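Asker: In the UniProt record's numbering, the protein residues as written are 1 to 81. Glycine is no exception: its CB is placed at the ideal position from the N, C-alpha and C atoms. All values derive from a computational prediction rather than experimental measurement.
#1: Using the three-state DSSP reduction, which class does residue 47 fall into: helix, strand or coil?
#2: Roughly how many angstroms separate the alpha carbons of residue 6 and residue 15, rounded to a whole number?
#3: What are the boundary residues of the alpha helix (DSSP H) that residue 68 is part of?
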């Protein structure tokens, strides 16, 4: 094989390696993007949970209301709490 043939083969080899690297980089970027998307979803869920908790904390339950009413009644009757 002559000099030109060898040179071309080397060039082809180098080009295929570069293409492989490029494909790997693209796949890596795709993976990172997916991971970021998943993390975003998790954050959204966490936010929803936090909001629900906040609302729950703000609203009083029936038991709490009863307790407060009893306390008020006791106060009116002059009992010690």
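Answerer: Reading from the atomic positions:
#1: helix
#2: 14 Å
#3: 62 to 77
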